[in-house]
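Okay, so here's the structure we're looking at.
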Amino acid sequence: MKIGKKATEAEKKAYWRVVKKSGIKLPLKKPTIIDSKGKIHELNLKPHKISYPWISIGTILGQTSINDYTFHLKKFKAKKGDIVAAEAKLPTGDGKVIDVVVWGRIMEIISSNDFLPNEATKELTEGNINIQDTILPLTKNDAVCTVKNLGYTENITGRKLSLKPLNYPVAPGGAVKYPASKDLESLLNADMNGKNPIFIGNLVARKDVDVHVSADNMVSRHVLVIGMTGSGKSVWVRRAVRELMAKQYPILIIDPHGDNLGIVQKAKKLFPKHQIKLFYPKISAPKNNKEVIFTLIEKLGNKLTEPQYEFLNWLLTNIEYESGTSLIHYIATLVQRSNAAADNKRNKSNKGTSGAGHTGASTMGVVSRSLRKVQRKLQEMEQSNKNNMNKFPHLKFEELPDPYSQPEKIIQKSQVSILYLKGYESLPSSTIVSILLDCLFNHRSVGLKTTIPPFFTVLEEAQNFIPSKSDGQEGYPSVSTIKKIATEGRKFGAGLMLVSQRPYRLDDTVCSQMNSYIILRLKNERDQRFVKNTMENWDSEEAKQLPNFANGQGIVSGQITNIPLTVQIKFDDDLTNDDIGDENFISDVQNWKESSVSKKKKEFSKNFDKVFDADQRRPS
Ligand SMILES: Nc1ncnc2c1ncn2[C@@H]1O[C@H](COP(=O)(O)OP(=O)(O)O)[C@@H](O)[C@H]1O
Ligand SMILES: [Mg+2]
-5 MKIGKKATEA EKKAYWRVVK KSGIKLPLKK PTIIDSKGKI HELNLKPHKI
45 SYPWISIGTI LGQTSINDYT FHLKKFKAKK GDIVAAEAKL PTGDGKVIDV
95 VVWGRIMEII SSNDFLPNEA TKELTEGNIN IQDTILPLTK NDAVCTVKNL
145 GYTENITGRK LSLKPLNYPV APGGAVKYPA SKDLESLLNA DMNGKNPIFI
195 GNLVARKDVD VHVSADNMVS RHVLVIGMTG SGKSVWVRRA VRELMAKQYP
245 ILIIDPHGDN LGIVQKAKKL FPKHQIKLFY PKISAPKNNK EVIFTLIEKL
295 GNKLTEPQYE FLNWLLTNIE YESGTSLIHY IATLVQRSNA AADNKRNKSN
345 KGTSGAGHTG ASTMGVVSRS LRKVQRKLQE MEQSNKNNMN KFPHLKFEEL
395 PDPYSQPEKI IQKSQVSILY LKGYESLPSS TIVSILLDCL FNHRSVGLKT
445 TIPPFFTVLE EAQNFIPSKS DGQEGYPSVS TIKKIATEGR KFGAGLMLVS
495 QRPYRLDDTV CSQMNSYIIL RLKNERDQRF VKNTMENWDS EEAKQLPNFA
545 NGQGIVSGQI TNIPLTVQIK FDDDLTNDDI GDENFISDVQ NWKESSVSKK
595 KKEFSKNFDK VFDADQRRPS
């Protein structure tokens, strides 16, 4: 029996005969092995190193298929997730046979030790014995790897590697090799030339292999970024944004939580010639789109009866709204007009209410109160947004320019525009984003691509903008806007990157239009199932990794890459901002001043009363 080779049945039996005959009882002493002559040797446990290019790491087992094969692995020479190569011969179809390299990924490694029967392990357990102290051979572990084929490349040195689908299985008995980093790298980055490769990180399995993705495919198609909170989504966004900035690509970031404010100051230093704009929204609507206004009022206000709706409609039809102006101001006008109409009604005058003559004063009163509630809610959100901005006195926020008449102020070469939405509830946020994206997209599609250049939109917290049908998307105008961009954006240079921690709560039509994915850590069962259902070519073996990813580790797949890869995303720590991040409650308490509390309390109770008043409905 030669050490390192798989034992035959006869050898195994002989081994146990020797053990029995020798009368050796467990435990023995130092780790040892027994050779074929029954001699006992001390075991030499030295760590193995793998660093040689294209070393042979194993031999293909007896049965192979187009999709996968198994091989016997030399100890410690490869690990799960590694990309390995096997030399093979393929028929070309015209009678010739060519030499190729078949690339594959190790999906599973099963280790077994034929010399470690169950009785022996049982004895170790029950006797509380350390295996190191016995004669049991630790060196006899066999590792068998399952490899999923990725495709083949032609075996011609100097020729660019391009991966083609395999049409013939690799031959059993062939050698499996561990490719050198630089060869693996050139495989991963093949065809990237002319597609603007951008560096995103390194293979998790091989830290020395750089991974690039195609910026062209990223900005023209769409990318879905998913992972639970803290898995590294924002870090990935910063990586992508930074690379696109270097290419002067116009970027729009919709930022509901301010995760991307950190980019501002540091990116200004890194890209001094760039414009980095921070915008806060103005709630407005496009002309002739009273539907948007109606929906907002309907969703934010009180529930109205038929006649009340009718009167609201009458108000909206009769009072002009000037496109782009403040919606809060417009609603204030509606309230005034509604109150005036109610007054007239009570005074038995029909002045100014022609067409609403049949509406009673109390109905008008209910509509007024509902409108006031909407007005107050919008004002509160605006104020809350302002308060949040005040937490960053060193950052300059500007009001979002009208995307209809001044899109070039939002989308421009070498400009990053961040729309800060913190403080706004999801419905007004959806309205704001829908109007903005709709306008910008129209400038590209209807506007014949002349007013603004192609641009890339990053949408953080995407579940707020494209909720799934079961989460209720009715009244969320951003759903249809984003659907349109997802389906047609490619033609017009309007790419999307949707970021979410809750993939199963996203609209599935939009998701099905995404063709590249960054999938970070996901623990939730439903989220994992969503990933399996949404992605083509998804292997359930790969899904098993999802819950175990460390921060910034994820699967990159789809059109931005040649092969689905498990990557450690590069962390641009020079783009994080120290004063943005988690709330610091401890220092909040330490800086707490009792004196300011009573004033705030008074203010609060006043507001509270107002809200309470508004909810009292008079019977109509
Ligand atoms: N690629 C990465 N490399 C190293 N650390 C990372 C990486 N991605 C994330 N992290 C760590 O995890 C934290 C949370 O990442 P973040 O991107 O903010 O998560 P998310 O946006 O998914 O909630 C980061 O502050 C950082 O410390
Ligand atoms: Mg984040």
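Mapping the sequence shown onto this note's numbering, position 145 (from 1) lands on 139, and the numbers just tick up by one.
Don't be surprised by glycine CBs; every beta carbon is placed ideally from N, CA and C.
CB contact flag (residue i, residue j, <8 Å)
{"i": "P275", "j": "L415", "result": "yes"}
{"i": "A618", "j": "S105", "result": "Absent from the structure is residue 618, since the part of the chain shown begins at -5 and ends at 614."}
{"i": "L238", "j": "A261", "result": "no"}
{"i": "A79", "j": "I54", "result": "no"}
{"i": "I277", "j": "I322", "result": "yes"}
{"i": "L157", "j": "N556", "result": "yes"}
{"i": "L569", "j": "F543", "result": "no"}
{"i": "K564", "j": "R99", "result": "no"}
{"i": "I245", "j": "V452", "result": "yes"}
{"i": "Y243", "j": "F450", "result": "yes"}
{"i": "I287", "j": "A279", "result": "yes"}
{"i": "N384", "j": "G417", "result": "no"}
{"i": "S408", "j": "K267", "result": "yes"}
{"i": "F273", "j": "L372", "result": "no"}
{"i": "T359", "j": "A336", "result": "Looking at the sequence shown, residue 359 is not Thr but Gly. Cβ atoms of G359 and A336: closer than 8 Å."}
Candidates the options: closest to residue i by CA position
{"i": "Q259", "options": "N458, H388, A488 and A114", "result": "H388"}
{"i": "Q457", "options": "Q242, M212, V473 and T444", "result": "V473"}
{"i": "F432", "options": "D465, A169 and K478", "result": "The identity of residue 432 in the sequence shown is Asp, whereas the question assumes Phe. D432 has its Cα closest to that of K478, out of D465, A169 and K478."}
{"i": "F109", "options": "I92, I125, Y172 and L365", "result": "I125"}
{"i": "P159", "options": "V96, A82 and V203", "result": "V96"}
{"i": "K538", "options": "E482, L84, G75 and I287", "result": "G75"}
{"i": "G507", "options": "E304, T555 and H216", "result": "The question names Gly, but residue 507 in the sequence shown is Gln. Comparing Cα-Cα distances from Q507 to each of E304, T555 and H216, the minimum goes to H216."}
{"i": "P131", "options": "E374, A114 and N545", "result": "A114"}
{"i": "V550", "options": "V207, K485 and N211", "result": "V207"}
{"i": "I405", "options": "W48, R438 and V205", "result": "R438"}
{"i": "K617", "options": "K267, K403, G552 and V440", "result": "Shown here, the chain extends from -5 to 614; a query on residue 617 therefore has no answer."}
{"i": "I49", "options": "A169, K142 and K407", "result": "A169"}
{"i": "I426", "options": "K407, G466 and Y470", "result": "Y470"}
{"i": "S510", "options": "L490, L540, N112 and E519", "result": "L490"}
{"i": "E148", "options": "G121, A184, I270 and I123", "result": "A184"}
{"i": "L264", "options": "T481, K284 and A240", "result": "A240"}
Chain-order list of residues whose beta-carbon lies under 6 Å from that of residue i (same chain, five-residue window excluded)
{"i": "G56", "result": "P166"}
{"i": "E3", "result": "none"}
{"i": "E651", "result": "Here the chain covers residues -5 to 614 and nothing more, so residue 651 does not appear."}
{"i": "P448", "result": "G487"}
{"i": "I60", "result": "L160 and P163"}
{"i": "K171", "result": "W48, S50 and A79"}
Residue i beta carbon near ligand 3 (any heavy atom closer than 7 Å)
{"i": "F524", "result": "Although ligand 3 was asked about, the structure shown includes only ligand 1 and ligand 2 as ligands."}
is_contact[residue i, chain C] using C-beta, thresh 8 Å
{"i": "Q400", "result": "Any reference to chain C falls outside this structure, which holds one protein chain only."}
Beta-carbon contacts of residue i that lie in its chain and below 8 Å, excluding the five residues immediately before and after
{"i": "V203", "result": "S175, L178, E179, L182, N196 and L197"}
{"i": "V329", "result": "S362, L365, R366 and Q369"}
{"i": "R340", "result": "A355"}
Residues of its chain near residue i, where Cβ-Cβ distance is below 7 Å and the 5 sequence neighbours each way are ignored
{"i": "D396", "result": "G318"}
{"i": "N545", "result": "G224, S225 and G226"}
{"i": "K(-4)", "result": "Since pLDDT at K(-4) reaches only 40, below the 50 mark, its modelled position is unreliable, and the value read off the structure follows with that caveat. Excluding residues within five positions, none has a Cβ falling inside 7 Å."}
{"i": "T357", "result": "P301, Q302, F305 and S614"}
{"i": "G145", "result": "W97, L157, K158, P159 and L160"}
{"i": "N38", "result": "Any reading at N38 must be qualified, since the residue scores a pLDDT of 44, below 50, and its modelled position is unreliable; the value itself is stated next. Cβ neighbours of N38 beyond the five flanking positions: none."}
{"i": "Q522", "result": "L516, A537 and L540"}
(message) For the region 483 to 503 against the region 194 to 204, do three or more pairs of beta-carbon atoms, one drawn from each stretch, fall closer than 8 Å, so that the two count as touching?
(response) With the cut-off at 8 Å, the region 483 to 503 and the region 194 to 204 do not touch.
(request) Let me know the beta strand (DSSP E) ranges lying completely inside the region 368 to 436, each 3 residues or longer, listed in chain order. (result) 391 to 393 and 409 to 414
(message) Runs of 3 residues minimum, wholly inside the region 106 to 169: which ones carry the beta strand (DSSP E) assignment?
(response) 135 to 148
(message) Could you check whether the region 516 to 530 touches the region 58 to 69, counting it as contact only if at least three pairs of C-beta atoms, one from each stretch, sit closer than 8 Å?
(response) no
(request) Mind the definition here: the region 286 to 295 touches the region 359 to 370 only if three or more C-beta pairs lie below 8 Å; say whether that holds. (result) yes
(message) Three or more C-beta pairs under 8 Å: does that hold for the region 226 to 236 against the region 384 to 400?
(response) no
(message) Counting beta carbon pairs with one atom in the region 488 to 495 and one in the region 217 to 227, are three or more of them shorter than 8 Å?
(response) yes
(message) Below 8 Å, how does it come out for the region 235 to 251 and the region 407 to 423: are there three or more Cβ pairs, yes or no?
(response) yes
(request) Write down every uninterrupted run of the beta strand (DSSP E) in the region 318 to 359 whose length is 3 residues or greater and which is fully enclosed by it, in chain order. (result) none
(request) Return the chain-ordered ranges of every alpha helix (DSSP H) run that is complete within the region 199 to 257 and spans a minimum of 4 residues. (result) Runs of the alpha helix (DSSP H) inside the region 199 to 257: 209 to 214 and 227 to 240.
(request) Tell me the start and end of each unbroken beta strand (DSSP E) in the region 459 to 486 that is at least 3 residues and wholly inside, in chain order. (result) Counting whole runs of 3 or more residues, the region 459 to 486 contains no beta strand (DSSP E) stretch at all.
(message) Could you tell me which whole beta strand (DSSP E) segments of length 3 or greater appear in the region 49 to 101?
(response) 49 to 58, 62 to 67 and 77 to 85
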